[in-house]
Amino acid sequence: MSWTAERVELLTKLWADGLSASQIAGELGNVTRNAVIGKVHRLGLSGRAKSGGSATKTRKAATPAARPVAPSKPTVTEAVAATTPSPTPRHIQPTVAGATALKVEPIEAIETEIAPVPVADIFIPLNERASILTLNERTCKWPIGDPGAENFYFCGRQSDGGTPYCAHHRSIAYQPVSDRRSRRAS
DNA sequence: CCCTGATTCGC
DNA sequence: GCGAATCAGG
Numbered sequence: 008m009s010w011t012a013e014r015v016e017l018l019t020k021l022w023a024d025g026l027s028a029s030q031i032a033g034e035l036g037n038v039t040r041n042a043v044i045g046k047v048h049r050l051g052l053s054g055r056a057k058s059g060g061s062a063t064k065t066r067k068a069a070t071p072a073a074r075p076v077a078p079s080k081p082t083v084t085e086a087v088a089a090t091t092p093s094p095t096p097r098h099i100q101p102t103v104a105g106a107t108a109l110k111v112e113p114i115e116a117i118e119t120e121i122a123p124v125p126v127a128d129i130f131i132p133l134n135e136r137a138s139i140l141t142l143n144e145r146t147c148k149w150p151i152g153d154p155g156a157e158n159f160y161f162c163g164r165q166s167d168g169g170t171p172y173c174a175h176h177r178s179i180a181y182q183p184v185s186d187r188r189s190r191r192a193s
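My numbering puts the first sequence at residues 8 to 193.
Written out as structure tokens, the structure reads:
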């Protein structure tokens, strides 16, 4: 698989949209995140819009040899990126599922306690929604919207081994339970 | 351990 | 040009 114009455009678009390299790789298919990152750098674009997901702290120079990133070749891709409107107010690293086969297993676990919580949050572009499941199972599976609905999707932020939710949703999930003493008060 | 992007370097 | 390996950080 080579970097066709279409693939480069999609790459540029998704990158500018704030998706992570791995998400983009999954979206493109037949490529690894390394390939995506390598291409991104080769294209001369690297610091896209700030993402609230995770790794985003452009590391300082850690190599002995300095490298002037991208010389100065205004390519079509840059033009595209510049023209691409990105009014996406993201606070998180989106992800979603819904289009393809989405598994709603955690539903039973959450319905017990977090059912009433509407979970406002942000709007995630469709192109990003398909990426979530493509990623892995270590992402927050907090359902947003009505399962089955077209606009249904999962939080998608990184979760931790323990729970299937990210820190935020984890706190919401295991919260109230006024008189819920699962363990006998020792 | 998982993830993120950054850089190097052989192909 | 490409991307795996590696690195550096969260």
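The beta carbon of each residue, even a glycine, is placed where N, CA and C say it ideally should be. Only a predicted model underlies this, so the values are computations on that prediction, with no experimental measurement involved.
- Message: Only counting the same chain, and skipping five residues up and downstream in sequence, which positions put a Cβ closer than 6 Å to that of A28?
- Response: R40, V43, I44
- Item | Nearest-angstrom Cβ-Cβ length linking L35 and L18, presumed shorter than 8 Å | 7 Å
- Whole-angstrom distance between E13 and D167, CA atom to CA atom: So the two alpha carbons sit approximately 35 Å from each other.
- Query: By the 10 Å Cβ neighbour count, where 16 or more other Cβ atoms means buried, how is H48 classified, buried or exposed?
  - Reply: exposed
- Over what stretch of residues does the alpha helix (DSSP H) that includes E13 continue unbroken? 12-23
- Query: Do you know how far the Cα of Q165 is from the Cα of Q30?
  - Reply: Computed Cα separation, rounded: 13 Å.
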